[in-house]
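Line order of the protein sequences matches chains Z and G.
Using this note's numbering, the first residue of the first sequence is number 217, and each one after it goes up by one.
Using this note's numbering, the first residue of the second sequence is number 6, and each one after it goes up by one.
Beta carbons are placed, not taken as given, at the ideal position from N, Cα and C, and that holds for glycine.
Please read these numbers as outputs of a predicted model, since none were measured by experiment.
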Amino acid sequence: MVKLGTSVENTWCLGCGNFGILNAFKKAIIELEEKGISQNNILIASGIGCSAKIFDYLNLSGIYSLHGRDLATIEGIQFANPNLKTITFSGDGNAMGEGLTHLLFAAKRNADVTIIMHNNGVYALTTGQYTPITERGWKGPSTPKGSVEEPFNAISLVLEAGATFVARSYTAKIQHLTDMMVQAIEHKGFSFLEVLQPCVSYNNTYKLYNEIVEELDDIPKSIEEAKLYAKNKDKLFIGIFYRTEKPTFCELLYGDHNPVEKRQYRDERINKIKKILNIE
Amino acid sequence: MDDYMSLIKGGHNFSVVSTSTRWISSHYMKADLIVNLDKRSYDNHIDHLSEGGLMVYNSDIKGDMDGIGISLTSEAKKFPNPNLMLGVGAIAILGATIGVNKTELNALIKNEYSKGVKENISYANIIYDIVYPIIGGKFQLEGGSKKRPNILGNQAIALGAIAGGLDCYYAYPMTPATSILHYLAAIADDFGLAVIHPENEIAVINMAIGSTFTGARTMVGSSGGGFSLLAEGISLGGIIESPVLIVLSMRPGPATGVPTYTEQGDLNFALNAGHGEFLRIVASPGTIEEAFFLTAQMLDLVWKFQTPGILLTEKHLSESSITVDINLNDTIWAEPLLHKDGEYKRYFDTEDGISPLLFPPAKEILKWNSYEHDEFGFTTEDPRWIKRMHNKRNKKFKSLENYLRKKKTINIFGDKGPIIITYGSTVMSVLEALKYGNIEARVVQPIFLSPLPIWELEKFKDQEVIVIEQSAIGQFANLLKENMNIQLKKVIKQYDGRPFDPIKLSKKIKDVA
């Protein structure tokens, strides 16, 4: 096995929740390798933000994309070669702000990709502005009087959009997080994994999360029930909220075809075009 | 040439068919036969009738009209969808006039219509029988000895891309590029393509770039408004060195502009799309036949030079159809430079700036990075790497120029007379205008606009030239002035959304030449 870490200088703050995600992900990759999924087949993307820096810290292939566009990028990899295991890392600002359309549509079409959403409730790399899922009243540099917007609930939104695997975990529970990552990546179809990630510099939630995070006993029986658990603010539930089997976008669009692995070569194409144009 | 309004029902829409025993490159608005379905058409086109031409009008419509009245509507009312049938009546009238027999007419309708074939054939035959005794064979055309395909500009672009190796096409509908999406979607399964219409143009370009990462030859298409949204991703393509091909089919802007008409107003935007400094390859086909080959060649070039390329065209080329003589075996097949062995560095700093590619799954690490990066693709803020990577990417300007110097980058038609420089579909209008007006001139068409083939254009430096383009501010003339010493005698511009008419254009050329 190839070393999963890189020699790139890590610039996350000391105590950043992202370290938990990095460590859990490395463990998940090792577990997946043991289950027969080669690292060579695992492709990653990331948006832009503190979360996205994970791209440089992982010795895996992929694209360090634009802010909010990582889901579209990873979908493009998947659609061209559906045999690849495709995962993207995105912050809550990245996924739910600039990238919201892509998130909802990736869920809607059940693209066979996994998004790991680092939820620290803040735009950290741009110094602490409120995100689309920050609670109302957040005083940041762009909202000095306190934000006046109501937040989205991420899990509720992606469930409504059609996600077929929806889970939440917490960076301080490495084993739980590893397990959720493995299941999300193994799932065929769109997997959304929200990770509660304290930001030690702008939104330090360790103490709060340690008090109110609680594992779900079972997978909720319906989407409606899942939403209730997801929206609960007294307790932050972690675990699988929803899981179902549905054909993926590529399966519905072109069955078991693979555009790059089964591409037609020149002569075959030219002959077919001659037929279309009715020329010798 | 099809002229239609941005609506689904009603309005004034028309098609112009021009034919000749010699090669013609443009429609003519002056017509020997005009078939009007309503009074508005009659009023709009009365001045287009040539001397000795026939005006056929719908005699069921009230109003003061001269010519041959045919009861198109009352005959159609014998069928279930009378309003949808009138067009096929016009085809029957055209067929009868030019000597198409009923068997040929019926075969044509069967070929063209997916539903209502029986009704359309019956109706067409009724109309044919009414008009034939009056004007049958009036403009009898002799059939040629060779069968040639008649193709739409966008069909040429789509098929050219497939012939060049296309695997994935992404687009959000936008006139006049939409028919590329429709056409490719319809034939996707036959060629094993992924043809995908996602949520917006931003998804389009990012998905496309993702697909190029896997080795898939990938194209996207839009018009000005959608292209604005693609611009963010074009910049991404610049730094991560993604070989993505973009079709920009221009319509009059700014903003929504005039959706179903033509213009060349986005030239500057195409040349500069995306923030930051990087190589953008821009080329524009002068004819529909050239559109076929150039699309394949552009696909090859973006893969060879790993940078975004733009095939710049217009509504006039995209949505006009023409009979072509085409040798498919001349098509270029897109081939990138591949990594062979040894340590792999995605952004290996080679002499020509082109780093060999590898595709997943691979045991080597392939990192494409939107941040400035080192040779392995890891993010960097090191001043030495920032400078070195700028230099590495910018070597491709020279590499591409050296490569293109050995290729055809310019068309020159004619060898005597005044010099006319033009580009894109305007070339078709200019060539036809010269033939119509019997004007001797040299028409110079740069196929490539970035890089502009100065090495070829130099022959014309310090000379008087006429520039012809469909832009209100003369963007193409300005581009030429910025890049070479020329004396602009006159810039002939048209920017009313309509393509040049060869008769009017020939007068304008004669006035200045």
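Assuming residue i is part of the alpha helix (DSSP H), what are its boundary residues?
{"i": "arginine 459(Z)", "result": "Careful: arginine 459(Z) lies outside any alpha helix (DSSP H), inside the beta strand (DSSP E) at 452-459."}
{"i": "aspartate 501(G)", "result": "Looking at the DSSP string, aspartate 501(G) is not in any alpha helix (DSSP H), and its letter there is neither H nor E."}
{"i": "phenylalanine 144(G)", "result": "Unbroken run through phenylalanine 144(G): none, as it is neither H nor E."}
{"i": "threonine 267(G)", "result": "No alpha helix (DSSP H) holds threonine 267(G); DSSP gives it neither H nor E."}
{"i": "threonine 183(G)", "result": "183-196"}
{"i": "asparagine 49(G)", "result": "44-50"}
{"i": "phenylalanine 321(Z)", "result": "316-324"}
{"i": "glutamate 351(Z)", "result": "Element bounds for glutamate 351(Z): n/a, residue is neither H nor E."}
{"i": "tryptophan 373(G)", "result": "First-last for tryptophan 373(G): 372-374, but that is the beta strand (DSSP E), not the alpha helix (DSSP H)."}
{"i": "alanine 370(Z)", "result": "370-377"}
Could you give the residue range of the beta strand (DSSP E) that holds residue i?
{"i": "asparagine 335(Z)", "result": "329-335"}
{"i": "glutamate 324(G)", "result": "That residue, glutamate 324(G), is in no beta strand (DSSP E); it is neither H nor E in DSSP."}
{"i": "tryptophan 28(G)", "result": "Segment: none, tryptophan 28(G) is in no beta strand (DSSP E) and carries neither H nor E."}
{"i": "threonine 312(G)", "result": "Taken as a continuous stretch (DSSP letters only), threonine 312(G) belongs to no beta strand (DSSP E), as it is neither H nor E."}
{"i": "threonine 108(G)", "result": "Element bounds for threonine 108(G): not the beta strand (DSSP E) but the alpha helix (DSSP H), 107-117."}
{"i": "arginine 447(G)", "result": "447-451"}
{"i": "asparagine 416(G)", "result": "415-418"}
{"i": "aspartate 37(G)", "result": "36-40"}
{"i": "isoleucine 66(G)", "result": "That residue, isoleucine 66(G), is in no beta strand (DSSP E); it is neither H nor E in DSSP."}
{"i": "tyrosine 174(G)", "result": "173-176"}
Assign residue i to buried or exposed, taking buried as 16 or more other Cβ atoms, counted over all protein chains shown, within 10 Å of its Cβ.
{"i": "asparagine 481(Z)", "result": "The sequence given here places tyrosine at residue 481(Z); asparagine does not occur at that position. By the neighbour-count rule (16 or more Cβ atoms within 10 Å), tyrosine 481(Z) is not buried but exposed."}
{"i": "serine 434(G)", "result": "buried"}
{"i": "asparagine 159(G)", "result": "buried"}
{"i": "threonine 108(G)", "result": "exposed"}
{"i": "asparagine 426(Z)", "result": "exposed"}
{"i": "threonine 280(G)", "result": "Here residue 280(G) turns out to be histidine, not threonine, going by the sequence shown. Flag for histidine 280(G) reads exposed."}
{"i": "valine 329(Z)", "result": "buried"}
{"i": "asparagine 396(G)", "result": "exposed"}
{"i": "glutamate 356(G)", "result": "exposed"}
{"i": "phenylalanine 287(G)", "result": "Here the sequence assigns valine to residue 287(G), which means phenylalanine is not the residue at that position. With 16 or more other Cβ atoms within 10 Å, it is buried."}
{"i": "methionine 70(G)", "result": "buried"}
{"i": "threonine 343(Z)", "result": "exposed"}
{"i": "glutamate 431(Z)", "result": "exposed"}
{"i": "proline 138(G)", "result": "exposed"}
{"i": "isoleucine 491(G)", "result": "buried"}
{"i": "aspartate 271(G)", "result": "buried"}
{"i": "threonine 219(G)", "result": "buried"}
{"i": "tryptophan 354(Z)", "result": "buried"}
With a threshold of 8 angstroms on Cβ separation, who are the neighbours of residue i within its own chain once the five nearest residues in sequence on each side are excluded?
{"i": "asparagine 275(Z)", "result": "Val218, Lys219, Leu220, Gly221, Thr222"}
{"i": "tryptophan 228(Z)", "result": "Asn234, Phe235, Cys266, Lys269"}
{"i": "isoleucine 245(G)", "result": "Ile214, Trp373, Asn374, Ser375"}
{"i": "tyrosine 273(Z)", "result": "Gly221, Thr222, Val224, Asn226, Leu238"}
{"i": "isoleucine 349(Z)", "result": "Asp308, Met312, Asn335, Gly337, Pro367, Phe368, Asn369, Ala370"}
{"i": "valine 472(G)", "result": "Ile425, Ile426, Thr427, Gly479, Phe481, Ala482, Leu485, Leu493, Lys495, Val496, Ile497"}
{"i": "asparagine 488(G)", "result": "Leu457, Ile459, Leu462"}
Taking residue i and residue j to be in contact with their CB atoms under 8 angstroms, please state how far apart those CB atoms are, rounded to whole angstroms.
{"i": "alanine 101(G)", "j": "valine 136(G)", "result": "5 angstroms"}
{"i": "threonine 380(Z)", "j": "alanine 244(Z)", "result": "Between alanine 244(Z) and threonine 380(Z) the Cβ distance is about 19 angstroms, and since that is not below 8 angstroms, they are no contact."}
{"i": "glycine 382(G)", "j": "tyrosine 352(G)", "result": "6 angstroms"}
{"i": "methionine 397(Z)", "j": "leucine 409(Z)", "result": "7 angstroms"}
{"i": "isoleucine 331(G)", "j": "alanine 301(G)", "result": "12 angstroms between Cβ atoms; not a contact."}
{"i": "alanine 240(Z)", "j": "isoleucine 454(Z)", "result": "With 8 angstroms as the limit, alanine 240(Z) and isoleucine 454(Z) do not qualify as a contact, their Cβ atoms being about 13 angstroms apart."}
Excluding sequence positions up to five away, which residues of its chain have a Cβ less than 7 angstroms from the Cβ of residue i?
{"i": "glutamate 206(G)", "result": "Tyr177, Ser227, Gly231, Leu234, Leu235"}
{"i": "asparagine 130(G)", "result": "Lys107"}
{"i": "threonine 217(G)", "result": "Thr223, Ser247, Pro248, Val249"}
{"i": "proline 264(G)", "result": "Ser11, Thr180, Arg256"}
{"i": "lysine 451(Z)", "result": "Ile428, Glu430"}
{"i": "threonine 347(Z)", "result": "Asp308, Gly309, Met312, Gly313, Gly337, Val338, Tyr339"}
{"i": "tyrosine 133(G)", "result": "Ala97, Gly100, Ala101, Lys107, Leu110"}
{"i": "threonine 292(G)", "result": "Ser30, Val432, Met433"}
{"i": "asparagine 49(G)", "result": "His17"}
Go through its chain and collect everything with a Cβ distance to residue i's Cβ below 6 angstroms, but skip five positions before and after it.
{"i": "aspartate 43(G)", "result": "Ile66"}
Within 8 angstroms, do at least three Cβ pairs link the segment 244-263 of chain Z to the segment 187-202 of chain G?
no
Report yes or no: do three or more beta-carbon pairs, one from the segment 459-475 of chain Z and one from the segment 149-159 of chain G, lie closer than 8 angstroms?
no
Report yes or no: do three or more beta-carbon pairs, one from the segment 340-356 of chain G and one from the segment 175-192 of chain G, lie closer than 8 angstroms?
no
Quick test of the definition: if touching needs 3 or more C-beta pairs under 8 angstroms, does the segment 80-96 of chain G touch the segment 120-128 of chain G?
yes
Any contact of the segment 382-393 of chain G with the segment 405-424 of chain G, i.e. 3+ C-beta pairs under 8 angstroms?
no
Per the contact definition of three or more C-beta pairs closer than 8 angstroms, is the segment 182-196 of chain G in contact with the segment 276-293 of chain Z?
no
Does the structure place the segment 139-150 of chain G close enough to the segment 304-316 of chain G that three or more beta carbon pairs sit under 8 angstroms?
no
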